[in-house]
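Residue numbers (the numbering used here): 5 to 346.
Quick look at the structure:
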């Protein structure tokens, strides 16, 4: 059965999802690069660019999952706390494995498996409570955000969980090594983004997400299993958080209540900056990738210059979110006026 989606979402995507509406974020990224280089030529050094891309991978991967959730009309505020909880559980499991059978690749794989299971499970819980219990996604994910943050604080006894040194030495290359001079986290980000783009733009699931976000009742009348699709979007979000955590843990080899703080803000900001409609109905994976790079570039520029304090990075991101949503509303009003004029 064909599914009706808004005219803007039915246009074929071009060049990895970059169309006219994504040109704005892309132009903003180019201007940021120029600004960064003009303020400090070290901005375009290979080491700095590599660091920028690697750091953007964490938020970018999570934001890809968030694009599906927001496109389907949902929201997930728990991703940062979820990442902290998953990281802590991975460390606990790997430390236990080292004590039981020694440090080996299997120890790391056990931790990775734990991460995937927890990510999928956490996503399912968010989706189930939202769809079956009929609780607003904002409330559900706000609640689980507090639960996960409290759990990691409890397991760490208010301090920090540290990975066994032997296990960390084996796990370390996942973050610090590279292939073709591109760090592994960046490769993971690229693969996740490509898969996300294909699913969003070339599969029925992606069309269903857009249809549900545009008009849930019409989607139900079109025989779309709304609850199932929405639950799957949260599971995808949890899986993306799991993948981001897998490549993040070897960076510091530790987890605490401070891990993942403001990641939900950055992930949502990346999605909105990239052009995905906050109210749902239209999502761009390509735009999300650009949004993640923009946020990381802003933080990187603040680190390299003294324009404003780096401690205000969160404030800058908050302003960007408000501005992006305001511009989206202006675009929608202009579109409605144009249709009335026709």
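The beta carbon of each residue, even a glycine, is placed where N, CA and C say it ideally should be.
Looking at residue j and residue i, is the spacing between their C-beta atoms short of 7 Å?
i           : j           : result
residue 68  : residue 197 : yes
residue 200 : residue 289 : yes
residue 268 : residue 84  : yes
residue 238 : residue 127 : yes
residue 66  : residue 245 : yes
residue 135 : residue 280 : no
residue 4   : residue 91  : Residue 4 is absent from the model: the chain starts at 5 and stops at 346.
residue 93  : residue 114 : no
residue 300 : residue 43  : no
Residue i to residue j, Cα distance in whole Å?
i           : j           : result
residue 120 : residue 250 : 9 Å
residue 264 : residue 82  : 10 Å
residue 321 : residue 104 : 44 Å
residue 325 : residue 98  : 38 Å
residue 272 : residue 242 : 14 Å
residue 174 : residue 63  : 24 Å
residue 79  : residue 142 : 6 Å
residue 170 : residue 248 : 22 Å
residue 77  : residue 138 : 14 Å
residue 278 : residue 106 : 45 Å
residue 96  : residue 109 : 16 Å
residue 75  : residue 56  : 27 Å
residue 297 : residue 225 : 39 Å
residue 160 : residue 328 : 37 Å
Please classify residue i: is it buried, with 16 or more other beta-carbons within 10 angstroms of its beta-carbon, or exposed?
i           : result
residue 167 : buried
residue 304 : buried
residue 189 : buried
residue 154 : exposed
residue 71  : buried
residue 412 : In the structure as shown, the chain begins at 5 and stops at 346. Residue 412 is therefore absent and cannot be evaluated.
residue 313 : exposed
residue 35  : exposed
residue 49  : exposed
residue 232 : exposed
residue 323 : exposed
residue 152 : buried
residue 211 : buried
What would DSSP say about residue i, mapped onto helix, strand or coil?
i           : result
residue 135 : helix
residue 82  : coil
residue 108 : coil
residue 226 : coil
residue 148 : helix
residue 165 : strand
residue 5   : With a pLDDT of 48 at residue 5, under the threshold of 50, the modelled position of that residue is not reliable, and the figure given next carries that caveat. Coil at residue 5, not helix or strand.
Where are the alpha helix (DSSP H) runs, 4 residues long or more, that stay fully inside the segment 238 to 323, in chain order? Fully enclosed alpha helix (DSSP H) runs of 4 or longer: 267 to 277 and 289 to 308.
Length at least 4, wholly inside the segment 31 to 103: the alpha helix (DSSP H) runs in chain order: Taking only runs of at least 4 residues, the alpha helix (DSSP H) segments lying wholly in the segment 31 to 103 are 50 to 75.
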